Each structure stands twice: as structure tokens, then as C-alpha cells.
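Protein chains in written order, with the numbering used here: chain A, 1 to 283; chain B, 1001 to 1268.
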């Protein structure tokens, strides 16, 4: 190679260099933009679920305004019927008086129960609501696949007692079903012990000719995700903001992971995209 | 230049070419990602506003179950007081009976019930009777606090109409607090393209007609179509990228915009 070759080569290399740098820089920027999208999607899902629960709390709040007296039973019954009419997600409402005794239960599915006098004074629905005003119980399933949550709300005065609502979580399930990002991305919600409440892998689309939006296989339910690095980082951040990070998912794939906390029940939404898709997907 | 030079040069060019393509493609992909972000932000702002109104409407639903009779008057007064306690944004409730007569008024601010008056030809009565819900225009109280009239028909026709005065400062707060890149903005227009809320502090901007901005005209015309991020102009004439989304309920539209000059540099 003579000197002229070297000059030509160098000249070509300098011509190529800004392009290379730009491509590289472009990649870093694309990754930053992608991370922003994942974070916005996690934030959006967390806000929607938080608002859904919040609105139910404030609707149930109507029923926790009155003190318990003999003459308020009719007003209570009217309130219970209005609540069921106003909030389709609430399937049952029970009123406990200030001593934790059940005074009235109105349900969409069963006959009303008046003054069952069941003693719930040691039950967490009563004790936790009395202590913290609002209590979100664990998620449970009816008919094997319909998710529910017990929500208990104390009135502003002790003698107002506690209103206990059974809340259908179908809206939350629908949201996670729709939240899949990219081709093989996942979305899930963990409870305050880092156990799975719902995971997009629990859903399969309906078979051809079937009604409904999806099938649910609750096999992932309650699986412990606390060993995942992204989950530990999110817990460590508490209420503060978290960064989108690269981590391993439960199957060992490398993913970009974003998360956001849900106000109220202490849940957290995660939205994850396989790194293999990070250069092509617009999630 | 001899042949070997040429080969060397071509070799380098070949090496550089995919990079150039890559940079270009990267630019195209970055632009697609920026557009997606603006759209997600417009959607989420519109959702926040829809939820604000959705919650007010569903809380008001509590007071729409009764028919009119002397016996229900006390229940109505009681319901109105409970509603004011549940929803801080509502400042006043008026009940119109099925013939449009103002029968009861409960207000946080004043004791200004003037006795029965006929309001049967007002839009808050007529439109609610026809469509169940009526969202009135936004007006400013004391030249600064935005309020609107929202009315809801009873579940039965004899139930009349419940009319609420709603403080919508929250709409302005949502818009002002939104940070989009360095100099991006968000604003809200009504269905005719007039300003409901804008971060520019000029008070004369309230109700200014922005329907001549190209992105506004296109968005209002393509209301039902899929969302699209467009090039447009801001009120100062600068080029912007603009995403928009409609607010379910009042029929408003939010716009989230990033100056084009920033579109290659910031993360909106």
C-alpha cells in the first residue's frame, strides 16, 4: 500500500465516520424513545386502573356517610340499590355498623339479607377499614375465571360503620389483555407481595366461532416474581420513579421492562418488550 | 486516480452505504417513535379529561332516580347536600321538574334560590331531555375560574333534569402541567375549534378561534378516522408536529404538539 492509498482510505474513513456516528447515535435515540413509549404505556395502564378503583371508592363513599340508627335502614337500602345501579362492577354491598355487626347485605345474585347480625368485628374488612379508611382485599376468582376484589370503606365517623363491596375486575383483565406490546411483549400486574394478579400469558384468544373476548387460564396466578431484577428495582424505588431497564423475564428472555405503581391497592403494572424486537417494534 | 484507488474508494463507499441507509432508517424509525409518543400523550390527556367528566356524571347519577312528588323534596335536598360533599368540583345543583320549572337549588356559594321559575326553553333542560346529558359551554367566573353547566335527565321521564355548575379548573391544570420536550405544548379546543384551555397566559386566548390552523382543520374534519400525527403551525407560526385525541363527553379535542425544530433532539 503506498501513501496515496492511505490518504484515500483515510479520506473515505472520515467521510464514513459521521455516518457511522449518526447511525450509532440514532440507535441510542431510538432506544430512548422506545423506553419512553414503554414507560408511557405502563403509566397509562396504572392510571386507568387507579382511576377505576378510585371511582368505585368514591361511589361507595355515598353509602358510608350516614350513622346507623333504626330510622336509617330504608335510606341505606335505597343507597344500596342506587349503588348497584350506578356502578355495574359492584355485585354486592354489605353494611357493617360501628361495632362490626353486619346490618344489611344487598346483592345482584342473591336475596337481600337484613340484620344477619354476623359478627365481623375481627375480620380484616372491618379492622383494616377502621384503621386506614380504605382496604383492598386479595383478588379471588368466582366460577374459576372471573376475578373479584373485596373493597371495604369506613365512614368519616365511627358510628357510620364500614361499607363492604365485592368488585368485578373484568375491566382490569381487559386492559391487560389489550396491553401486549410488539409481537411477543407481555404485561402483568403484581400485588404488594410481588405475586402475579394477572399476566397477559393467562389469556388466549377465543376459538373460531366462539363468543367472548378471550379464555383465561389462571395458572400464572399468584406466581412469585420477587426474584426478578426489575421487580426488586421497582420495589426499592417505592413510590418514586423507576427507569426502564434491560432485565430477564420469568422465562429467561432479555427484555426491556417498564413499570408503574397503582395508587390504592399497592399493585404494580409491568410492560415488557423482548430486546430481540427492540430494533423493529413501534409498541 | 488509478484503478486501485477507485476500488479502495468503492470499498469504503460500500462500507459506508449501509451505515447511511441505517442512519436514514434510524431517522425514519425515530420519527415514527416520536409520532407514537405524541399520540400516546394526546390519548392519555384526553382520557384524563374524559374520566374527570365520567366521574362527575356517574356521581350525579345518584340524584336522578327520584320522581317528582312533595314526598321526595326532602330526599332531593338531602341528596344534593350529599352530592356536594362527594364531589368538590360541583358548586351548585338545581332540580328542574319534568315541565322545566326550577324547584330546588342547593349551592356552596350563595343562598340565591329565587323560587320557582320556568327554564323549560333553556338548553340545559331541552338538550338533557333529548340526549340524557348536556355539556354546556365553558365560561369564566370573575374572569378567571372556568365553569361549565352540566345537566342530566332523570332515569324516568317524570324525574326532570338535574343541573350542576361544575368547576373545570382541573382541565386547565392538566394542560398547563403537561411537559412535552423542551418547548412543546398541549391545549384543548371545543368542537368548533375555539380555545377551552391553553398554557399561553394571554387571557384573550380563551375562546379564540384556532380552526384555521392546518392541523386543527384536518383533525376536526377527520373526527371519526384513526388518529394521525400531522405537521402543523402553533399560534406563533412555528412548525410543529401535532397529535390530537377527542374527549368523550363534551366533544372537545386535545392537541399535543412538539416544535419541528426539536423533533430530532428531545424525547417528548
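Positions of the beta carbon are idealized from the N, C-alpha and C atoms, including for glycine. This structure is a prediction, so every number in the text was calculated from the model and none was measured.
With its beta carbon less than 8 Å from one in chain B, residue 40(A) belongs to the interface. DSSP, reduced to helix, strand and coil, places residue 27(A) within a helical segment of the structure shown. Contact between the region 1075-1089 of chain B and the region 1145-1158 of chain B is absent, with fewer than three C-beta pairs closer than 8 Å.
Counting other Cβ atoms within 10 Å of its Cβ, residue 1111(B) stays below 16 and is therefore classed as exposed. At least one CB atom of chain A sits nearer than 8 Å to the CB of residue 1058(B).
For the pair residue 1163(B) and residue 1151(B), the CB atoms are nearer than the 8 Å cut-off. For the options 137(A), 125(A), 251(A), the alpha carbon positioned closest to that of residue 228(A) is the one of 251(A).
Close CB contacts of residue 1214(B) within its chain, under the 7 Å cut and outside five residues either way in sequence, are with 1232, 1233 (chain order). The three-state secondary structure of residue 1192(B), taken from DSSP, is coil. At a cut-off of 8 Å, the C-beta of residue 277(A) has no neighbouring C-beta in chain B. Against residue 1044(B), the close residues of chain A are 40, 43, 44, 47, in the order they occur along the chain (beta-carbon pairs closer than 8 Å). In terms of beta-carbon proximity, residue 55(A) lines the interface with chain B, with at least one pair separated by less than 8 Å.
Distance from the CA atom of residue 209(A) to the CA atom of residue 202(A), rounded to whole angstroms, is 21 Å. For the pair residue 1205(B) and residue 1211(B), the CB atoms are not nearer than the 8 Å cut-off.
Residue-level contact check: residue 1041(B) touches chain A, since one or more beta carbons of chain A fall below 8 Å from its beta carbon. The alpha-carbon separation between residue 1039(B) and residue 1094(B) amounts to approximately 39 Å.
For residue 125(A), the enclosing alpha helix (DSSP H) begins and ends at 124-132. Judged by DSSP secondary structure, residue 1085(B) falls within the alpha helix (DSSP H) whose first and last residues are 1073-1086.
Per DSSP, reduced to three states, the secondary structure at residue 243(A) is coil, with no helix or strand assignment.
With respect to chain A, the C-beta atom of residue 1153(B) has no partner C-beta closer than 8 Å. The alpha-carbon separation between residue 162(A) and residue 1078(B) amounts to approximately 21 Å. With contact defined as three or more Cβ pairs closer than 8 Å, the region 206-224 of chain A and the region 122-133 of chain A are not in contact. Excluding sequence positions up to five before and after residue 204(A), its CB lies within less than 6 Å of the CB of 215, all in the same chain and listed in chain order. Our two residues, residue 1178(B) and residue 1036(B), have alpha carbons roughly 17 Å apart in a direct line. Its chain contains 1107, 1165 as the residues whose beta carbon lies nearer than 6 Å to that of residue 1092(B), once the 5 sequence neighbours on both sides are disregarded; these appear in chain order.
Assignment of beta-bridge partners to residue 91(A) by DSSP yields no partner. For the region 62-73 of chain A, the set of residues with a beta-carbon nearer than 7 Å to any beta-carbon of chain B comprises 62, 65, in chain order. The bridge partners DSSP lists for residue 221(A) come to none. In the DSSP annotation of this structure, residue 1206(B) is not part of any beta strand (DSSP E), being labelled neither H nor E. Under the 10 Å beta carbon count, residue 141(A) is surrounded by fewer than 16 other beta carbons and is classified as exposed.
Between residue 249(A) and residue 198(A), the gap from beta carbon to beta carbon reaches 8 Å or more. The continuous beta strand (DSSP E) containing residue 1094(B) extends over residues 1090-1096. Residue state for residue 1221(B) is assigned as helix, using DSSP reduced to three classes. Across the set 103(A), 108(A), 257(A), the C-alpha of 103(A) shows the shortest separation from the C-alpha of residue 115(A).
Relative to the Cα of residue 1118(B), the nearest Cα in the group 1105(B), 1173(B), 1100(B) belongs to 1100(B).
At a cut-off of 8 Å, the C-beta of residue 77(A) has no neighbouring C-beta in chain B.
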